[in-house]
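S.K.: According to this note's numbering, the sequence shown is numbered sequentially starting from 143.
Beta carbons are placed, not taken as given, at the ideal position from N, Cα and C, and that holds for glycine.
Note that the structure is a prediction, hence the values are computed from the model and not measured.
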Amino acid sequence: MENTTVELSDNHQRMTITVSKEEYLAERKKALKKVQSTANIPGFRPGKAPEAVVLKMYGQGLGFDETYQKVYSYFNQELKEKNLKLLLEPLAELAPEADFTTGEHLAFHFEYALEPDLELSTEDLHSEVLYQVYLTDEEFAQELENIKIRNKKTVTTDDFSQADGFRVLVHTSAHDDHQQPGQPHDHAVVVLKSDILPEKLDEFKSAFDQQNTEIRIAEFLVNPDDKKFSELTAAHHLHFDAMVRFEDPSMDELKDLIFGHSRKFDNEEELLSAIREQIEKYLNEDALRVYIQHIKTKAEAKINGIPKEFLEKWWSREEKNKEIKFESIYPQLEYEIKSNIISKAINKLLDIQISREQVRDYYVNQHLNSIDEEKREALKDLIVQIVENNLNDSRQSETMYDRVYEEALFEKIKSVKTNPFQVTFTQFKEILSNQK
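#1: Can you give me the start and stop residues for the alpha helix (DSSP H) that HIS251 sits inside?
#2: Just how far apart, CA to CA, sit ALA237 and LYS222?
#3: Thinking TYR273 and PRO449 are a contact (beta carbons under 8 Å), I'd like their distance in whole angstroms, please.
#4: Is the segment 473–489 close to the segment 438–448, with three or more CB pairs under 8 Å?
#5: Identify whether THR568 lies in helix, strand or coil by the three-state DSSP scheme.
#6: May I ask you to list the residues that DSSP assigns as paired with TYR273?
#7: Could you tell me whether the Cβ atoms of LEU256 and LEU226 are closer together than 8 Å?
#8: Less than 8 Å between the CB atoms is what I'm expecting for GLU239 and HIS247, so what's the real figure, rounded?
#9: Return the Cβ separation of ARG518 and LEU510 in integer angstroms, given the expectation that the two are a contact with Cβ distance under 8 Å.
#10: Taking the alpha carbon of ASP207 as the point to measure from, which residue in PHE242, GLU345, GLU149 has its own alpha carbon closest?
#11: Give the straight-line distance between the Cα atoms of GLU356 and HIS381, rounded to the nearest whole angstrom.
#12: From what residue to what residue does the alpha helix (DSSP H) around LYS486 run?
#13: Out of curiosity, what's the CA-to-CA distance linking LEU574 and ALA429?
#14: Enumerate in chain order the residues of its own chain whose CB-to-CB distance from LEU492 is below 8 Å, with the five nearest sequence positions on each side excluded.
#15: Out of curiosity, what's the CA-to-CA distance linking LEU374 and ALA360?
#16: So, is LEU524 buried or exposed, given that buried needs 16 or more other C-beta atoms within 10 angstroms?
#17: What is the residue span of the beta strand (DSSP E) that MET157 lies within?
#18: If you reduce the DSSP assignment to three classes, tell me which class LEU228 lands in.
#19: Given GLN321, which residues of its chain have a CB within under 7 Å of its CB, disregarding the five upstream and five downstream residues?
#20: Should the segment 405–425 be called in touch with the segment 453–468, which here means at least 3 C-beta pairs below 8 Å?
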């Protein structure tokens, strides 16, 4: 075999590999012998049909697949020897003048894009500021309050003065007389006192007491166009359910929400300290993501020579893609390609490698830590099996790998950026706001 390479544009080449007549005919001969030994052709005993008969039945292209496999291996070997990295899989094409009868003019064209060079150094990492975010006492108190607000409990009450609003059961289609309000198909919408026009509040309460479902609720609302009332306005009919008020979760409930049932704390002070630590952990993960994005943005500016012409050919190779205009998909395609190049450069710099075993162990430990300690050993084998099953699902597996990779990336960056710049949560929000 021989090859010639032509530069089509930056990082865009075509390699032509020529197969000699003798090479092809030798492959065809081997393929013919293999088929001949098992061919069951009428008029001949199995495996005894003459070569000419077998060739006529199976065609002159016999041996093509074997030849192509050798050509493709040769192509990959050439890339390896020249230390060339492909951006995407190549586009292969057989020369139109190829003659399978004689074995002459057999040539394969491989058109491909090369991955642009991108080298990152520790200097690139040190050129960006990594922030370490901490909460002041006031900020922690506010964040704790926000958590309580997001997790308020809804409880019923008969005391109008203590109620925060009214729970209304909404039905979007008719039901028969045997179908009672409050069944799963009903949607519950809470109408707060503050949602009701002040001058209409007493009238609304009266309609509630009388179970007068003929009223037009929209006429009572301060903002009837609010999306949260869309089910009310689209309702076939409704039922008044109960007056409700909101309660903050207890500290025990808050503990279970944040840490699960298995985590134990000796006292409230220890719990609050753990909550604070958890909030700061999430904030610093956000700070790391911001830092990584800045590194990636700078790295992206270093990437040149992505061959658009090849990408268009590559995209159009499948019939289904031809329905989508290339210009509309190109920005996303270019972004994905650059992101992949940058990720590989970062992984090479920081020596990040994620194995299936690492992912499995990470998620097994996550599950075990959410279970009471005395039950962990008994449930471990079951949890391992569940995690293995999840890893066998391509979608779940991708998400799981991404999470473990992100944590590994965070740890590597923290090992390089050992002296991050400390800021309060308020200062961090201001920094992010100024960067937009």
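M.R.: Let me lay it out:
#1: Here residue 251 is taken as the residue at index 109 of the sequence shown, counted from 1. Counting along the chain, HIS251 sits inside no alpha helix (DSSP H); it lies in the beta strand (DSSP E) bounded by residues 248–255.
#2: Taking the first residue of the sequence shown as 1, we reach residue 237 at position 95. Taking the first residue of the sequence shown as 1, we reach residue 222 at position 80. Cα to Cα, ALA237 sits roughly 24 Å from LYS222.
#3: Residue mapping note: residue 273 aligns to position 131 of the sequence shown, counting from 1. Residue mapping note: residue 449 aligns to position 307 of the sequence shown, counting from 1. A Cβ-Cβ separation of about 38 Å leaves TYR273 out of contact with PRO449 under the 8 Å criterion.
#4: yes
#5: For the purposes of this step, residue 568 is identified with residue 426 of the sequence shown, where counting begins at 1. Helix.
#6: Stepping through the sequence shown from its first residue, residue 273 is reached at position 131. Note: TYR273 sits in a beta bridge opposite PHE563.
#7: As a first step, residue 256 must be located in the sequence shown, where it is residue number 114. As a first step, residue 226 must be located in the sequence shown, where it is residue number 84. Taking 8 Å as the Cβ cut-off, LEU256 and LEU226 qualify as a contacting pair.
#8: Position 97 of the sequence shown holds residue 239. Position 105 of the sequence shown holds residue 247. A Cβ-Cβ separation of about 4 Å places GLU239 in contact with HIS247 under the 8 Å criterion.
#9: As a first step, residue 518 must be located in the sequence shown, where it is residue number 376. As a first step, residue 510 must be located in the sequence shown, where it is residue number 368. Rounded to the nearest angstrom, the Cβ distance from ARG518 to LEU510 is 5 Å, consistent with a contact under 8 Å.
#10: One-based indexing of the sequence shown puts residue 207 at position 65. Of PHE242, GLU345, GLU149, the residue nearest in Cα terms is PHE242.
#11: Sequence index remark: in the sequence shown, residue 356 carries index 214 (1-based). Sequence index remark: in the sequence shown, residue 381 carries index 239 (1-based). Their backbone Cα atoms lie some 10 Å apart in a straight line.
#12: Here the question's residue 486 lines up with position 344 in the sequence shown. Taken as a continuous stretch (DSSP letters only), the alpha helix (DSSP H) holding LYS486 covers 468–492.
#13: The sequence position of residue 574 within the sequence shown is 432, counting from 1. The sequence position of residue 429 within the sequence shown is 287, counting from 1. Distance between the alpha carbons of LEU574 and ALA429: 10 Å.
#14: Along the sequence shown, read from residue 1 onward, the residue named residue 492 stands at position 350. Excluding sequence neighbours, LEU492 sits near LEU551, LYS554, ILE555, VAL558.
#15: Mapped onto the sequence shown, residue 374 falls at position 232. Mapped onto the sequence shown, residue 360 falls at position 218. Their backbone Cα atoms lie some 8 Å apart in a straight line.
#16: In the sequence shown, residue 524 corresponds to position 382, counting from 1. Flag for LEU524 reads exposed.
#17: Locating residue 157 in the sequence shown gives position 15, counting from the first residue. From DSSP, the beta strand (DSSP E) with MET157 extends over 154–161.
#18: The residue labelled residue 228 in the question sits at position 86 within the sequence shown. DSSP places LEU228 within a strand segment (E or B) once states are collapsed to three.
#19: Position 179 of the sequence shown holds residue 321. Model confidence at GLN321 stands at a pLDDT of 49, short of 50, so the residue's coordinates are unreliable; what they give is reported in the following sentence. If we look at GLN321 and ignore the five residues flanking it on each side, it has no Cβ neighbours.
#20: no
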